[in-house]
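S.K.: Have a look at this one before I ask anything.
Written out as structure tokens, the structure is:
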């Protein structure tokens with residue numbers, strides 16, 4: 005049967021994720037150490053799990069309000085205000101979504117029309133560009149460079165803007181590079197936004213995972229930027245809650261109410277127990293100074309330092325990532341492409357990394373290594389990668 | 400306790416075989432600072448010893464453990480400390496804790512055989528004049544110690560590679 009005639013050609017033409025190949029390969033091998041995992045190695049703190057279990061025992065199995073549990077939205081509002089200095093009305097200016105992923109999807113679908121361009125810094129998370137295509141728009145990469153610590157440069161942004169530009173996706177702290185944008189960097193971006201008045205979809209899912217005394221600045225907290233910004237965040241990374249699928253998007257009522265149409269007609273609401281757990285995470289965090297988050301962050305930071313130092317000792321250039329839980333070392337001096345490097349490393353040393361090219365063509369020459377894995381495994385992985393490089397380069 | 404000392408304890412409680420150089424890298428301190436902090440922790444007797452967690456049940460060693468609830472009469476001027484000291488001096492005693500609740504001291508005892516352990520209670524512990532009563536419970540199976548589950552736990556549930 006010719007299924008092609010039934011498919012939407014624009015969607016069918018979207019290439020599969022570059023990660024898939026490595027997933028299939030790594031899954032078929034024994035004794036593999038994976039540095040390819042894009043989620044925390046912690047379990048959700050027990051008191052958070054317990055809250056959801058009790059909610060089930062109490063028979064709380066119904067839909068919630070479309071925009072999410074009132075209690076959770078109030079907690080999110082407090083969190084955004086106390087933590088990042090941004091105010092959002094829990095009634096009208098936010099939606100609780102199925103992870104940050106749904107938030108990105110409905111943000112794009114509510115704003116992008118055919119012919120619109122959306123700027124996506126690159127390398128970045130695999131879903132943005134396909135999400136723009138699904139929304140009927142055209143993604144346009146704005147390349148970030150290692151020499152700028154993979155921070156988005158205002159000049160590059162401005163050069164990419166034209167009359168079709170609708171929005172910019174601002175994904176910092178960044179997956180896969182681990183780059184962050186500090187306040188001064190963001191202020192330069194804000195100037196461009198003020199001038200060209202494009203929308204900013206700020207994906208701040210890694211906002212709590214930022215190291216070495218650096219601080220996260222919410223883009224919406226900059227003067228005049230609140231009106232232009234949709235702030236996206238969630239519970240997956242900060243509270244180790246990936247499988248719960250709960251995130252949120254905050255912004256002006258005029259934008260949120262249209263996004264909520266898509267959300268209510270396609271999703272109804274995020275799962276109740278995930279919302280109950282998320283509310284517990286924020287409430288206890290507020291009360292105990294985000295003890296769980298800080299504990300995990302300190303642990304990631306130790307591993308981050310170990311990885312950066314490990315790669316540098318191997319003779320690889322490795323810029324200092326101050327956010328998320330990835331290092332993005334350059335493998336250019338091995339003479340291999342990212343894809344060849346990762347394929348051979350996996351086959352010869354059984355260490356799975358993700359080639360930078362999975363995050364856009366400009367990721368060529370780098371590999372993404374997640375350090376959200378036990379210390380013993382990280383040390384073994386570094387030894388194996390070191391052995392691989394010595395063999396390949398004859399040093 | 401400094402931030403560095405706290406970080407070092409976090410690292411060491413996971414694995415005390417990590418080389419000093421690696422600990423320095425992980426904490427962002429210099430090698431000298433790290434070495435000095437470790438020495439300080441040892442001198443202050445915060446770190447007492449670096450020892451493995453052994454699952455003796457998998458070895459061929461015969462071994463019996465018991466937890467003994469001990470009621471005692473506190474000594475004048477010395478309180479419970481003098482009694483505790485008298486008890487922890489025995490080689491068979493692994494741990495001694497002063498407890499709140501219906502008894503005073505919890506004594507963890509280890510001996511090669513049940514007979515020897517019983518002998519310890521009846522010949523050494525109970526006759527002590529300040530001991531007014533004991534209740535011995537034998538350990539049948541150990542599931543978890545120091546946060547480590549003895550049985551091999553399920554593997555990592557995460558996808559091997561994910562975006």
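Protein chains in written order, with my numbering: chain A, 5 to 399; chain B, 400 to 562.
Glycine included, each C-beta is placed from N, C-alpha and C at the ideal position.
Keep in mind the model is a prediction, meaning the values are calculated, not measured.
#1: Please list the terminal residues of the continuous alpha helix (DSSP H) segment that includes residue 115 (chain A).
#2: Tell me which same chain residues have a C-beta within less than 8 Å of the C-beta of residue 94 (chain A), skipping the five on either side of it?
#3: Does the beta-carbon of residue 176 (chain A), which I'm using as the reference point, lie nearer than 6 Å to any heavy atom of the ligand ATP?
#4: Quick one: does residue 136 (chain A) have its CB under 7 Å from some CB of chain B?
#5: Using only CA atoms, which one of B:555, B:553, B:546, B:560 lies nearest to residue 452 (chain B)?
#6: Any beta-carbon of chain B closer than 7 Å to the one on residue 331 (chain A)?
#7: With DSSP run on the structure shown, which of helix, strand or coil describes residue 432 (chain B)?
#8: Please identify the residue among A:216, A:210, A:271 whose C-alpha is closest to the C-alpha of residue 244 (chain A).
#9: I want to verify the contact list: residues of chain A whose CB lies under 8 Å from the CB of residue 419 (chain B), in sequence order.
#10: Between A:208, A:186, A:187, which lies nearest to residue 175 (chain A) when the distance is taken from Cα to Cα?
#11: Under 8 Å: do the stretch 9 to 20 of chain A and the stretch 127 to 140 of chain A share three or more Cβ pairs, one atom per stretch?
#12: Buried or exposed for residue 451 (chain A), going by 16 or more other Cβ atoms inside 10 Å?
#13: Whole angstroms are fine: how far does the CA of residue 213 (chain A) sit from the CA of residue 251 (chain A)?
#14: For residue 30 (chain A), which residues in chain B fall below 9 Å Cβ to Cβ?
#15: Enumerate in chain order the residues of its own chain whose CB-to-CB distance from residue 55 (chain A) is below 7 Å, with the five nearest sequence positions on each side excluded.
#16: Would you call residue 455 (chain B) buried or exposed, if buried means 16 or more other Cβ atoms sit within 10 Å of its Cβ?
#17: Is it the case that the Cβ atoms of residue 226 (chain A) and residue 205 (chain A) are separated by a distance below 7 Å?
#18: Comparing the C-beta of residue 4 (chain A) with each C-beta of chain B, is any distance below 7 Å?
#19: Express the C-alpha separation of residue 506 (chain B) and residue 477 (chain B) in angstroms, rounding to a whole number.
#20: What separation, rounded to the nearest whole angstrom, lies between the Cα atoms of residue 116 (chain A) and residue 354 (chain A)?
#21: Based on Cα-Cα distance, which residue from A:297, A:69, A:193 lies nearest to residue 272 (chain A)?
#22: Against residue 425 (chain B), what residues of chain A qualify as contacts under a CB-to-CB distance less than 7 Å, listed in chain order?
#23: So, does the CB of residue 182 (chain A) fall closer than 7 Å to a CB anywhere in chain B?
#24: Along the stretch 35 to 59 of chain A, where does the CB come closer than 8 Å to a CB of chain B? Name the residues.
#25: Fully enclosed by the stretch 324 to 355 of chain A, which alpha helix (DSSP H) runs are 4 residues long or longer?
#26: Any beta carbon of chain B sitting closer than 7 Å to that of residue 26 (chain A)?
#27: Less than 7 Å between the beta carbons of residue 464 (chain B) and residue 515 (chain B), yes or no?
#28: In the structure shown, what three-state DSSP assignment does residue 163 (chain A) receive?
#29: Look at the Cβ atom of residue 42 (chain A), then the Cβ atom of residue 429 (chain B), and state whether they are nearer than 7 Å.
#30: In chain order, which continuous runs of the alpha helix (DSSP H) of length 4 or greater are located wholly inside the stretch 29 to 65 of chain A?
#31: Can we say the stretch 433 to 447 of chain B touches the stretch 327 to 339 of chain A, given the rule of at least three CB pairs closer than 8 Å?
#32: Note the first and the last residue of the continuous alpha helix (DSSP H) segment covering residue 259 (chain A).
#33: For a contact defined as C-beta to C-beta under 8 Å, what are the partners of residue 302 (chain A) on chain B?
#34: By DSSP's criteria, residue 464 (chain B) is part of a beta bridge. Which residues make up the other side?
#35: Can you give me the Cβ contacts of residue 30 (chain A) inside the same chain, cut-off strictly under 8 Å, excluding the 5 residues immediately before and after it?
#36: Taking 7 Å as the cut-off, decide whether the C-beta atoms of residue 491 (chain B) and residue 519 (chain B) are in contact.
M.R.: Reading from the atomic positions:
#1: Residue numbering aside, residue 115 (chain A) sits at position 111 when the first chain is read from its first letter. 103 to 115 is the span of the alpha helix (DSSP H), which, as asked, contains residue 115 (chain A).
#2: Taking the first residue of the first chain as position 1, residue 94 (chain A) is located at position 90. If we look at residue 94 (chain A) and ignore the five residues flanking it on each side, its Cβ neighbours are 74, 77, 78, 80, 81.
#3: With respect to small molecules bound, the structure shown includes none, and the ligand ATP cannot be examined in it.
#4: Your numbering for residue 136 (chain A) matches position 132 in the first chain. So, not an interface residue.
#5: In the second chain, the residue the question calls residue 452 (chain B) occupies position 53. Ranking the options by Cα distance to residue 452 (chain B), first place goes to B:546.
#6: Residue numbering aside, residue 331 (chain A) sits at position 327 when the first chain is read from its first letter. Answer no: the Cβ-Cβ gap between residue 331 (chain A) and chain B never drops below 7 Å.
#7: If you number the second chain from 1, residue 432 (chain B) lands on position 33. Of the three classes helix, strand and coil, the one that applies to residue 432 (chain B) here is helix, per DSSP.
#8: Against the first chain, residue 244 (chain A) aligns to sequence position 240. Measuring from the Cα of residue 244 (chain A), the nearest candidate turns out to be A:210.
#9: Here the question's residue 419 (chain B) lines up with position 20 in the second chain. In chain order: nothing, as chain A lies at least about 13 Å away.
#10: Locating residue 175 (chain A) in the first chain gives position 171, counting from the first residue. Out of A:208, A:186, A:187, A:208 has the C-alpha closest to the C-alpha of residue 175 (chain A).
#11: yes
#12: Any answer about residue 451 (chain A) is impossible in this case: the structure gives chain A only from 5 up to 399.
#13: As a working mapping, residue 251 (chain A) is identified with position 247 in the first chain. As a working mapping, residue 213 (chain A) is identified with position 209 in the first chain. One C-alpha to the other measures close to 16 Å.
#14: The sequence position of residue 30 (chain A) within the first chain is 26, counting from 1. Those within 9 Å of residue 30 (chain A) in chain B are 559, 560.
#15: On the first chain, residue 55 (chain A) is found 51 positions in, with the first residue counted as 1. Once the five neighbours on either side are set aside, the close Cβ partners of residue 55 (chain A) are 280, 281, 284.
#16: As a position in the second chain, residue 455 (chain B) is number 56, starting the count at 1. Per the 10 Å Cβ criterion, exposed.
#17: Taking the first chain and counting its residues from 1, the one referred to as residue 226 (chain A) is at position 222. Taking the first chain and counting its residues from 1, the one referred to as residue 205 (chain A) is at position 201. Against a cut-off of 7 Å, the Cβ pair of residue 205 (chain A) and residue 226 (chain A) comes out as no contact.
#18: No statement about residue 4 (chain A) is possible, as the shown extent of chain A runs from 5 to 399 and does not include it.
#19: Within the second chain, residue 477 (chain B) is the residue found at index 78, counting from 1. Within the second chain, residue 506 (chain B) is the residue found at index 107, counting from 1. Going by the C-alpha atoms only, they are around 19 Å apart.
#20: For the purposes of this step, residue 116 (chain A) is taken as the residue at position 112 of the first chain. For the purposes of this step, residue 354 (chain A) is taken as the residue at position 350 of the first chain. Between residue 116 (chain A) and residue 354 (chain A), the C-alpha separation is close to 42 Å.
#21: By one-based count along the first chain, residue 272 (chain A) stands at place 268. Out of A:297, A:69, A:193, A:69 has the C-alpha closest to the C-alpha of residue 272 (chain A).
#22: Numbered from 1 along the second chain, position 26 holds the residue referred to as residue 425 (chain B). Those within 7 Å of residue 425 (chain B) in chain A are 306, 309, 310.
#23: Sequence index remark: in the first chain, residue 182 (chain A) carries index 178 (1-based). So no, residue 182 (chain A) is outside the interface.
#24: 36, 38, 40, 41, 42, 43, 45
#25: 342 to 353
#26: As a first step, residue 26 (chain A) must be located in the first chain, where it is residue number 22. It does; some Cβ of chain B falls within 7 Å.
#27: Taking the second chain and counting its residues from 1, one reaches residue 464 (chain B) at position 65. Taking the second chain and counting its residues from 1, one reaches residue 515 (chain B) at position 116. No, the Cβ-Cβ distance between residue 464 (chain B) and residue 515 (chain B) is not below 7 Å.
#28: The count along the first chain starts at 1 and reaches residue 163 (chain A) at position 159. Three-state DSSP puts residue 163 (chain A) in a helix.
#29: Residue 42 (chain A) sits at position 38 when you count from the first residue of the first chain. Residue 429 (chain B) sits at position 30 when you count from the first residue of the second chain. Going by C-beta atoms, residue 42 (chain A) is not nearer than 7 Å to residue 429 (chain B).
#30: 50 to 61
#31: no
#32: One-based indexing of the first chain puts residue 259 (chain A) at position 255. Residues 257 to 270.
#33: Counting from one through the first chain, the residue named residue 302 (chain A) turns up at place 298. The contacting residues are 406, 409.
#34: Taking the second chain and counting its residues from 1, the one referred to as residue 464 (chain B) is at position 65. In the DSSP output, where bridge partners are listed per residue, residue 464 (chain B) has B:509.
#35: The residue given as residue 30 (chain A) occupies position 26 in the first chain. Same-chain partners within the cutoff: 36, 38, 40, 350, 356.
#36: Working through the second chain from its first residue, we reach residue 491 (chain B) at position 92. Working through the second chain from its first residue, we reach residue 519 (chain B) at position 120. The answer is yes: Cβ separation under 7 Å.
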